[in-house]
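Q:
Residue numbers (the numbering used here), protein chains in the order written: chain C, 8 to 323; chain B, 4 to 275.
1. Span of the alpha helix (DSSP H) holding residue 62(C)?
2. Distance, Cα to Cα, residue 90(C) vs residue 103(B)?
3. What would DSSP say about residue 31(B), mapped onto helix, strand or coil?
4. Would you mind telling me which residues of chain A sit closer than 7 Å to residue 207(B), beta carbon to beta carbon, in chain order?
5. Could you give the DSSP three-state label for residue 58(B): helix, strand or coil?
6. Which residues bound the alpha helix (DSSP H) around residue 227(B)?
7. May I ask you to list, following chain order, the residues of the segment 256-267 of chain B that have a beta carbon less than 9 Å from some beta carbon of chain C?
8. If I follow the unbroken alpha helix (DSSP H) through residue 184(B), where does it start and stop?
9. Can you find the residues in the same chain that come closer than 6 Å, C-beta to C-beta, to residue 247(C), ignoring five residues on each side of it along the sequence?
10. Can we say the segment 15-32 of chain C touches the segment 55-65 of chain C, given the rule of at least three CB pairs closer than 8 Å?
11. Note down, in chain order, all residues in the segment 278-299 of chain C with a beta-carbon under 8 Å from any beta-carbon belonging to chain B.
12. State the start and end residues of the unbroken alpha helix (DSSP H) segment that holds residue 189(C).
13. If the cut is a Cβ gap below 9 Å, which residues of chain C does residue 34(B) touch?
14. Please list, in chain order, all residues of the same chain as residue 274(B) whose beta carbon is under 7 Å from its beta carbon, the five residues on each side excluded.
15. With three or more beta-carbon pairs closer than 8 Å as the criterion, would you say the segment 137-152 of chain C touches the segment 170-178 of chain C?
16. Of all the options 13(C), 140(C) and 270(C), which has the alpha carbon lying nearest to the alpha carbon of residue 125(C)?
17. Residues of the segment 85-117 of chain C with a CB closer than 8 Å to any CB of chain B: list them in chain order, please.
18. Taking 6 Å as the limit between beta carbons, can you name the residues of its chain near residue 128(C), skipping five residues before and five after?
19. Mapping the DSSP letters down to three states, classify residue 87(C) as helix, strand or coil.
20. Verify the contact flag: residue 220(C), CB atom, against every heavy atom of the ligand MN, threshold strictly below 8 Å.
21. Which residues of chain C have a Cβ atom closer than 8 Å to the Cβ of residue 248(B), listed in chain order?
22. Report the three-state DSSP secondary structure of residue 106(B) (helix, strand or coil).
23. Would you call the CB atoms of residue 222(C) and residue 240(C) closer than 9 Å?
24. Could you tell me whether any Cβ in chain B is nearer than 9 Å to the Cβ of residue 134(C)?
25. Leaving out five residues on either side along the sequence, give the residues of the same chain with a beta carbon under 8 Å from the beta carbon of residue 198(C).
26. Taking 9 Å as the threshold (beta carbon to beta carbon), is residue 86(B) in contact with chain C?
27. Rounded to the nearest angstrom, how far is the Cβ of residue 298(C) from that of residue 120(B), given a contact under 8 Å?
28. State the DSSP-derived secondary structure class of residue 274(B), mapped to helix, strand or coil.
29. Compare the C-beta of residue 70(C) with all C-beta atoms of chain B and state if any pair is closer than 9 Å.
30. Less than 7 Å between C-beta atoms, sequence neighbours within five positions excluded: which residues of the same chain meet that for residue 248(B)?
31. Give a yes or no on whether the C-beta atoms belonging to residue 134(B) and residue 208(B) are separated by under 9 Å.
32. Taking Cβ-Cβ distances below 7 Å as the criterion, which residues of the segment 190-219 of chain C are in contact with chain B?
33. Measure the CB-CB distance between residue 160(C) and residue 201(C) and report whether it falls below 9 Å.
34. In the segment 240-261 of chain C, which residues sit with their C-beta less than 8 Å from some C-beta in chain B, listed in chain order?
35. Thinking just about the alpha-carbon of each residue, which of 14(B), 116(B) and 206(B) is nearest to the one in residue 80(B)?
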């Protein structure tokens with residue numbers, strides 16, 4: 008992987024951000040009621056509105072407004088939330104880390120469960136174990152997050168059998184136990200759909216690899232089954248699995264919106280839904296851009312991991 | 004078709020979808036009660052002979068509501084997917100067939116749109132258009148467009164240099180003829196496979212929008228909305244939320260299984 012390749016990928020991410028920012032900006036421009044109306048309320052006099060519009064630059068053409076906003080985003084000036092009267096950058100910064108903690112907890116769970124499940128299914132291909140894992144995988148991908156979340160709440164956090172909190176967030180400063188107990192249900196919800204999907208992909212890659220010639224060769228060489236599976240097969244099946252995981256991060260980021268809303272997890276997803284419900288334009292614009300950036304960056308990271316796992320992959 | 008029913012996954016999907024189809028077409032006719040009728044004396048009941056799946060917070064029969072809701076939930080999934088396929092397919096076909104600068108411009112735009120998660124994209128559009136199931140359907144279709152356009156384009160590219168296309172061009176056929184009569188028919192199969200699987204995503208997205216209050220509006224019996232309405236009472240009568248949840252999962256599962264089976268059967272390398 009060359010430096011030129013990395014630079015080109017980073018430039019591509021910038022282009023993606025440019026397109027996303029234009030899209031989001033035009034969407035927010037179509038929204039009825041401009042920022043001045045939103046700040047002053049519907050009883051403001053026309054003179055007051057006009058004065059504020061001048062101050063906010065709303066009388067300028069759209070491309071001037073767009074450029075002022077986008078260059079502000081790049082330089083760290085993300086504006087002020089209309090509803091919460093706080094700087095958007097601070098709001099998003101705080102929410103982002105909570106969402107990242109939730110996303111990482113889910114990804115870790117998924118990786119630890121899905122990959123072994125997929126390998127197991129491939130090794131026991133055609134047996135009852137394979138069938139059960141396959142069924143789980145099919146059912147898991149067919150349940151939307153809000154259903155999983157609601158059902159987990161009913162059965163694990165109800166008032167009479169509630170050994171887990173029904174929602175909210177506890178920082179690590181309140182103790183590891185409290186922080187973990189709050190993360191269990193939302194992370195489990197996010198993990199289910201991804202575990203199902205990734206286990207299926209790993210199984211399919213792994214069965215491909217296990218029936219290949221070099222695995223037969225490794226077996227004929229007299230290597231132990233353990234060594235054949237873990238050192239020879241797994242390594243070759245991992246690169247495609249990582250590719251799938253990175254694509255699934257898109258689902259994860261979408262799922263976070265719903266899961267945070269259901270479990271009252273004060274992260275980016277909940278902030279976005281709040282902003283959408285209240286038409287808080289600066290927050291909607293910045294948060295969407297942050298999510299898109301996180302997704303594009305995670306795709307780049309996964310490509311780097313794939314190249315590291317599979318030496319045949321060369322990016323020029 | 005016979006191959007499909009012999010395929011275990013395909014058979015399971017077909018059976019589920021047959022069940023769903025019966026609910027969609029006959030649901031309101033076979034429902035034992037009016038889905039909107041209140042039974043104030045039997046609120047939040049568990050399953051019984053009178054109310055097979057119990058009753059909700061107004062004493063409405065959950066089984067009847069599920070039967071009625073099939074129509075809005077399933078038609079939402081089908082409608083949104085078909086609109087997305089039509090728009091995305093057209094864009095992908097044009098990009099792939101024309102190639103060159105137009106193609107790269109369209110693809111860069113689509114890449115940008117793909118960086119926004121489907122649900123967030125849908126929510127943004129619904130915020131602009133306003134809630135309601137029609138707008139939600141349109142939003143899902145727009146959110147699906149970039150992904151479907153990409154798939155259509157890549158199949159077009161794989162077909163474009165095949166002998167029969169070159170032969171048609173050598174015969175002097177017009178570009179429009181080549182696209183419509185040579186390229187398009189050969190891109191249908193992969194698109195149908197993708198569309199079938201997407202219907203299950205569309206159903207899940209539609210239900211999620213209903214759940215968030217941005218899709219179908221009360222008193223609709225859309226399944227996501229049913230869960231949202233019953234959430235306050237879910238600890239007292241879990242079946243209020245469990246029944247519509249299972250219904251959504253079965254519908255999504257049916258399309259998923261069918262789509263997978265179709266992929267196995269149409270893809271010559273398919274084996275899995």
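We put the CB at the ideal spot given by N, CA and C, even for glycine.
A: Result, derived from the coordinates:
1. Taking the first residue of the first chain as 1, we reach residue 62(C) at position 55. Start and end: 53-63.
2. For the purposes of this step, residue 90(C) is identified with residue 83 of the first chain, where counting begins at 1. For the purposes of this step, residue 103(B) is identified with residue 100 of the second chain, where counting begins at 1. Distance between the alpha carbons of residue 90(C) and residue 103(B): 46 Å.
3. Position 28 of the second chain, counted from the start, is the residue given in the question as residue 31(B). Helix at residue 31(B).
4. The structure shown contains no chain A; its protein chains are C and B.
5. Residue 58(B) sits at position 55 when you count from the first residue of the second chain. It is a strand residue.
6. Translated into positions along the second chain, residue 227(B) becomes position 224. Looking at the DSSP string, the run of the alpha helix (DSSP H) that includes residue 227(B) is 226-233.
7. Listed in sequence order: 256, 257, 258, 259, 260 and 263.
8. Within the second chain, the letter at position 181 stands for residue 184(B). Per DSSP, residue 184(B) belongs to no alpha helix (DSSP H) and is neither H nor E.
9. For this step, residue 247(C) is matched to residue 240 along the first chain. Only 212 meet the Cβ criterion.
10. no
11. 279, 280, 283, 286, 291, 295, 298 and 299
12. The count along the first chain starts at 1 and reaches residue 189(C) at position 182. It spans 183-217 - the alpha helix (DSSP H) in which residue 189(C) sits, taken as one unbroken run.
13. The residue given as residue 34(B) occupies position 31 in the second chain. Going along chain C, no residue has its Cβ under 9 Å from residue 34(B), so there is no contact; the nearest lies around 22 Å.
14. Start at 1 with the first residue of the second chain, and residue 274(B) comes out as number 271. Note that residue 274(B) scores a pLDDT of 43, beneath 50, so its modelled location is shaky and nothing firm can be said.
15. Touching, no.
16. Looking up residue 125(C) in the first chain gives position 118. Answer by Cα proximity: 140(C).
17. none
18. By 1-based counting over the first chain, the position of residue 128(C) is 121. Closer than 6 Å at Cβ, skipping near neighbours: 137, 140 and 210.
19. The residue you call residue 87(C) lines up with position 80 of the first chain. Residue 87(C): strand per DSSP, three-state reduction.
20. Looking for the ligand MN in the displayed structure turns up nothing, as the structure carries no ligands at all.
21. To locate residue 248(B), count along the second chain from 1; it is residue 245. Here the neighbours are 150, 154, 157 and 158.
22. Position 103 of the second chain holds residue 106(B). In this structure, residue 106(B) counts as helix in the three-state DSSP scheme.
23. In the first chain, counting from the first residue as 1, residue 222(C) sits at position 215. In the first chain, counting from the first residue as 1, residue 240(C) sits at position 233. Residue 222(C) is a Cβ neighbour of residue 240(C), given a cutoff of 9 Å.
24. Sequence index remark: in the first chain, residue 134(C) carries index 127 (1-based). By this cut-off, residue 134(C) is not an interface position.
25. For this step, residue 198(C) is matched to residue 191 along the first chain. These residues qualify, in order along the chain: 113, 116, 117 and 120.
26. Residue numbering aside, residue 86(B) sits at position 83 when the second chain is read from its first letter. No, no contact with chain C.
27. Locating residue 298(C) in the first chain gives position 291, where the first residue counts as 1. Locating residue 120(B) in the second chain gives position 117, where the first residue counts as 1. Indeed they touch by this definition, with Cβ atoms about 7 Å apart.
28. Your numbering for residue 274(B) matches position 271 in the second chain. Unreliable placement is indicated for residue 274(B), whose pLDDT of 43 sits below 50; no coordinate value is reported for it.
29. The sequence position of residue 70(C) within the first chain is 63, counting from 1. Answer no: the Cβ-Cβ gap between residue 70(C) and chain B never drops below 9 Å.
30. Residue 248(B) sits at position 245 when you count from the first residue of the second chain. Cβ neighbours of residue 248(B) beyond the five flanking positions: 230.
31. Position 131 of the second chain holds residue 134(B). Position 205 of the second chain holds residue 208(B). Contact: no.
32. Residues of the segment 190-219 of chain C with a C-beta atom less than 7 Å from some C-beta of chain B are 211, listed in chain order.
33. Residue 160(C) sits at position 153 when you count from the first residue of the first chain. Residue 201(C) sits at position 194 when you count from the first residue of the first chain. No, these two residues do not count as a Cβ contact at 9 Å.
34. 257, 258, 260 and 261
35. What you label residue 80(B) is simply residue 77 of the second chain in a count that begins at 1. Residue 206(B) is the option with its Cα nearest to residue 80(B).
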